[in-house]
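Just below is one structure, and these are the notes that go with it.
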Amino acid sequence: MVHRDVEPIAVDAVHGEVAGAGAPVVLTHDGLLHSESWDAQFGVFAAGHRVARWDRRGYGRSPRPTEPFSSVDDLAAVVRAVSDAPAVLVGSSIGGLFTVRCALDHPGTVAALVLVGPTVTGLPLSEHFLTRGGREVPTPDTSDAEQIAYWSGKDPWFTAPGSTAARERLRALLAANPQNLRPPMDLERDLARPVLPRLGEIAVPTLIVVGELDVPDVHAHSGAVEAAIPGAERVVLPGSGHAPYLEVPEAFNRVVLGFLAEVKRPG
């Protein structure tokens, strides 16, 4: 479901769009896809909220940067362009890391957090994660076709093996946006600073959503985030890997919309 009344977001260097009215919600994508991965949420959430989604630099319709940049500052700029009020920030995977960092660096922009399969700097990643369980993970030098075949067909965690429709959607999104396969991470300024030691500073409502079949490191990081952020809640969604918004969108939307309703009615 895509909302009819979609407006562009006026932020330099990134593409974004906003729809709906009400309390603001900003969706930040993971490290493989781009804002279209939120298709099953954008229109649904816009029925009761002012919802924005955006492409980080080098992804989707945002141009590739040529100098160092900050996705955290870009996210804060998106929030300010969408609403004068603090927003609920929804971030997937590395988008969750930038979302957490935004809550720390720009606290006035954040009303609440939804972290989907988050990983955080300051907590090491295992060899199992880095090698995807010893599989031949394609490098940026690998052809587009081989990378797309791996992520949409071979990897068992980004989307679970049984998530056939989500895998087809993943394949289509990457085929149409092969630039996503070679993101400008060497220019990203927000990856070196450890977040883990500062999670206790976050004082906004926080929901962590994890797919049951996601890679073990993500469950470990999600547990660490839940333990560190006061009052954080974690929900595990059955039948999903790393991208529950693609794989089990109805269950994902139900959980997140329930959280948004509680944020609207604190206490």
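Count the sequence shown with UniProt numbering and you get residues 1 to 267, in order. C-beta: ideal position from N, C-alpha, C; glycine also.
- If only uninterrupted alpha helix (DSSP H) runs of at least 4 residues are considered, those enclosed by the region 109-194 are 127-130, 144-149, 164-176.
- Between Ile-9 and Trp-54 a beta carbon distance of about 6 Å is seen, short of the 8 Å cut, so the two are scored as contacting.
- Val-78 sits away from Val-25, with the two beta carbons spaced by 8 Å or more.
- The region 182-202 and the region 78-93 do not touch, with fewer than 3 CB-CB distances between them shorter than 8 Å.
- For Val-236, the CB contacts under 7 Å within the same chain, skipping 5 residues up- and downstream, are Val-210, Glu-212 in chain order.
- The beta carbon of Pro-63 is closer than 6 Å to none in its chain, skipping five residues each way along the sequence.
- In the three-state reduction of the DSSP assignment, His-15 falls in the strand class.
- Counted as a single uninterrupted DSSP element, the alpha helix (DSSP H) harbouring Ala-227 occupies residues 216-228.
- Listed in chain order, the beta strand (DSSP E) elements of length 3 or more contained wholly in the region 74-106 are 87-92.
- Using a C-beta cut-off of 8 Å, the region 96-113 makes no contact with the region 132-142, since fewer than three inter-stretch Cβ pairs fall below that distance.
- Counting only runs of 3 or more residues that sit fully inside the region 42-71, the beta strand (DSSP E) segments are 50-55, in chain order.
- Nearest to Leu-33 by C-alpha distance, out of Val-204, Leu-174, Pro-249, is Leu-174.
- Only residues of its own chain outside the window of five on either side were considered, and among them Ser-93, Ile-94, Gly-96, Leu-97, Leu-125, Asp-217, Val-218, His-221 have a CB closer than 8 Å to the CB of Thr-119, listed in chain order.
- Beyond the five residues adjoining it in sequence on each side, Arg-182 comes within less than 7 Å, by CB distance, of Pro-140 in the same chain, given in chain order.
- Across the structure, Phe-252 and Tyr-245 are spaced so that their CA atoms are roughly 6 Å apart.
- About 11 Å separates the CB atoms of Thr-28 and Leu-113; that is not less than 8 Å, and the two are not in contact.
- Collapsing the DSSP output to three states places Val-209 in a strand.
- Take Val-248, set aside five residues on each side of it, and the residues of its chain with a beta-carbon closer than 7 Å to its own are Leu-237, Gly-239, Ser-240, in chain order.
- Looking at the DSSP output, Arg-234 sits in a beta bridge with Ile-208.
- In this chain, the alpha helix (DSSP H) harbouring Val-256 covers 249-264.
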